[in-house]
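Student: Going by the numbering used here, the first residue of the sequence shown is number 8, and it counts up by one from there.
One structure, as structure tokens, below. Some questions next.
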Amino acid sequence: MTDDDLSYLDDIESLEILEIIERRKRSVHPDRANDLDCMDNVSFRSRYRLNKDTAESLIQMLDDTFSAPSEKNYALSSTEKVLIALRYYATGSFQLVLGDLAKVSQSSASRAINDVSKALASLRPNYIRLPQTGLELRQVSQEFYRNSGFPAVYGAIDCSHIPIINPGGDLAEVFRCRKGYFSLNVQTISDASLRIRDIVACWPGSTHDSTVFDNSHLRAVLENEVPPEYHLVGDNGYACRSYLLTPFLDPSTPQEIRYNVAHKAARNVVERQYGIMKRRFACLATSLRCSLQNAMTVIVAITVLHNIALQMDDVFEEIIEEEDDEGNTPTVANHADGLAKRNALLSTFFNN
């Protein structure tokens with residue numbers, strides 16, 4: 008056999024080896040479809056709860072935060088990571104199911120969700136901000152007044168329970184809310200356009216709403232930075248203060264009734280905001296099946312995503328949560344300055 012013959016056989020053997028490797032690649036790492044390419048907007052939205060344009064913008068926004076995919080280990084692309092995370096937010100499905108849908112392992116799906124959630128949460132300073140300048144304060148309060156007739160509103164405050172799995176450990180029962188399931192008691196501030204202006208997502212489910220507020224940075228901001236004519240509106244789970252006005256428990260005059268009607272209309276935005284978020288991102292309405300720290304990150308990530316969607320006019324059908332006043336009778340005394348301010352508003356704005 009000549010040297011040329013040996014060279015030819017070596018070439019054939021090399022080609023066969025390459026073909027075997029390619030077959031193994033195809034069998035272990037099947038082609039993963041990109042739903043942005045193969046679905047129309049209606050089909051895509053029904054599965055991901057966002058328009059395709061919003062998802063594409065999100066991918067571009069987050070692309071730089073992910074490391075470049077490696078051909079050696081078949082790392083997921085930015086598009087694949089974002090779509091897996093969005094599917095999780097939209098459905099709350101088990102990660103194994105999400106992995107099967109995306110043709111990746113459960114561990115890859117889990118890493119994708121964590122990577123995207125951390126990337127979104129890191130954008131919080133850009134998308135979740137309290138009104139700061141005089142112009143912002145006037146714009147926010149004027150929009151509240153146009154919609155509700157309640158003056159000088161800085162934002163609407165409320166808490167909502169986000170179910171989680173049993174976090175384990177000696178303090179697990181602290182996370183059990185009064186309805187019997189494990190949760191995080193999440194506080195948000197909403198403006199009149201349903202944008203989230205502030206979020207606290209670290210308190211166990213057994214914590215009362217007023218405790219979350221009393222220990223928040225927001226309280227210090229209101230006491231030290233916000234002009235005294237402005238205030239939050241909240242339900243009777245909070246004590247009435249000069250910077251957080253609550254409704255009359257038992258309105259007995261026409262003025263008090265008018266005040267309560269306007270107050271409820273102003274406060275309603277935060278209830279609507281929670282309703283939209285839980286309907287759009289169903290993982291918030293089912294138990295977040297991840298570690299406690301990851302659950303907190305997912306919640307913050309979704310609030311950022313909520314604001315991004317609003318900014319892109321990507322609206323979603325509303326569902327308003329029933330008001331739950333159970334356990335919301337104030338556990339601390341109303342403040343004299345809060346009662347004085349409420350009475351001053353009563354005589355100035357609700358007397359006729």
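A virtual CB, placed ideally from N, CA and C, is assigned to each residue, including glycine.
If you run the structure through DSSP and keep just helix, strand and coil, what is PRO258?
Tutor: Residue 258 sits at position 251 when you count from the first residue of the sequence shown. PRO258 falls in the coil class under three-state DSSP.
Student: Could I get the ranges of all uninterrupted alpha helix (DSSP H) runs contained in the segment 100 to 163, with 4 residues as the minimum, in chain order?
Tutor: With a minimum length of 4 residues, the continuous alpha helix (DSSP H) runs that stay inside the segment 100 to 163 are 102 to 109, 113 to 128, 131 to 134, 141 to 155.
Student: Give the C-beta separation of TYR161 and HIS238 to the nearest angstrom, bearing in mind that I take them to be a contact with Cβ-Cβ under 8 angstroms.
Tutor: Sequence index remark: in the sequence shown, residue 161 carries index 154 (1-based). Sequence index remark: in the sequence shown, residue 238 carries index 231 (1-based). About 6 angstroms; that satisfies the 8 angstroms criterion.
Student: With distances taken between CB atoms, is the gap from THR195 to VAL311 smaller than 9 angstroms?
Tutor: Taking the first residue of the sequence shown as position 1, residue 195 is located at position 188. Taking the first residue of the sequence shown as position 1, residue 311 is located at position 304. No. Outside cutoff.
Student: Looking at the unbroken beta strand (DSSP E) that takes in ARG204, where does it start and where does it end?
Tutor: As a working note, residue 204 is residue 197 in the sequence shown. Run containing ARG204: 203 to 211, per the beta strand (DSSP E) assignment.
Student: Less than 9 angstroms between the beta carbons of ALA119 and CYS290, yes or no?
Tutor: On the sequence shown, position 112 is the one that residue 119 refers to. On the sequence shown, position 283 is the one that residue 290 refers to. In this structure, CYS290 does not lie closer than 9 angstroms to ALA119 by Cβ.
Student: For VAL240, which residues does DSSP report across the bridge?
Tutor: Here residue 240 corresponds to residue number 233 of the sequence shown, with the count starting at 1. Looking at the DSSP assignment, VAL240 forms a beta bridge with ALA163, LEU252.
Student: Give me the residue from HIS168, ILE169, PHE189 with the minimum Cα distance to LEU178.
Tutor: Position 171 of the sequence shown, counting from 1, holds the residue named residue 178. Checking every option, the nearest Cα to that of LEU178 belongs to PHE189.
Student: Under 8 angstroms by Cβ, that's how I've got ALA62 and ILE91 pegged, so tell me the actual separation to the nearest angstrom.
Tutor: Translated into the one-based positions of the sequence shown, residue 62 becomes position 55. Translated into the one-based positions of the sequence shown, residue 91 becomes position 84. About 12 angstroms; that fails the 8 angstroms criterion.
Student: Please state whether DSSP places ILE196 in a helix, a strand or coil.
Tutor: The residue labelled residue 196 in the question sits at position 189 within the sequence shown. If DSSP states are grouped into helix, strand and coil, ILE196 belongs with the strands.
Student: So the candidates are ASP205, PRO170, ALA340; which of them puts its Cα closest to the Cα of VAL307?
Tutor: Numbered from its first residue, the sequence shown carries residue 307 at position 300. The shortest Cα separation from VAL307 among ASP205, PRO170, ALA340 belongs to ASP205.
Student: Taking 6 angstroms as the limit between beta carbons, can you name the residues of its chain near PHE356, skipping five residues before and five after?
Tutor: The count along the sequence shown starts at 1 and reaches residue 356 at position 349. Hits under 6 angstroms: PRO158.
Student: Determine whether the beta carbon atoms of TYR266 and ARG136 lie at a separation below 9 angstroms.
Tutor: Here residue 266 corresponds to residue number 259 of the sequence shown, with the count starting at 1. Here residue 136 corresponds to residue number 129 of the sequence shown, with the count starting at 1. Contact flag unset, no.
Student: Could you say which of ASN41, ARG248, ASN358 lies nearest to LEU229 if we only look at CA atoms?
Tutor: Here the question's residue 229 lines up with position 222 in the sequence shown. Out of ASN41, ARG248, ASN358, ARG248 has the C-alpha closest to the C-alpha of LEU229.
Student: Just mark SER124 as buried or exposed, buried being the case when its beta carbon has 16 or more other beta carbons within 10 Å.
Tutor: Position 117 of the sequence shown, counted from the first residue, corresponds to residue 124. By the 10 Å Cβ count, SER124 comes out buried.
Student: On the premise that ARG56 lies in contact with PHE323, defined as a C-beta separation below 8 angstroms, what is that separation, rounded to the nearest angstrom?
Tutor: Residue 323 sits at position 316 when you count from the first residue of the sequence shown. Residue 56 sits at position 49 when you count from the first residue of the sequence shown. Contact flag correct, Cβ pair sits at about 7 angstroms.
Student: Closer than 6 angstroms by C-beta to ASP360: which residues in its own chain qualify, once you throw out the five before and the five after it? Chain order, please.
Tutor: The displayed coordinates of the chain run from 8 to 359. Any statement about residue 360 would go beyond what the structure contains.
Student: Which parts of the segment 43 to 90 are runs of the alpha helix (DSSP H), unbroken and 4 residues or longer, counting only runs that do not cross its ends?
Tutor: DSSP runs (the alpha helix (DSSP H)) wholly in the segment 43 to 90: 48 to 55, 59 to 69.
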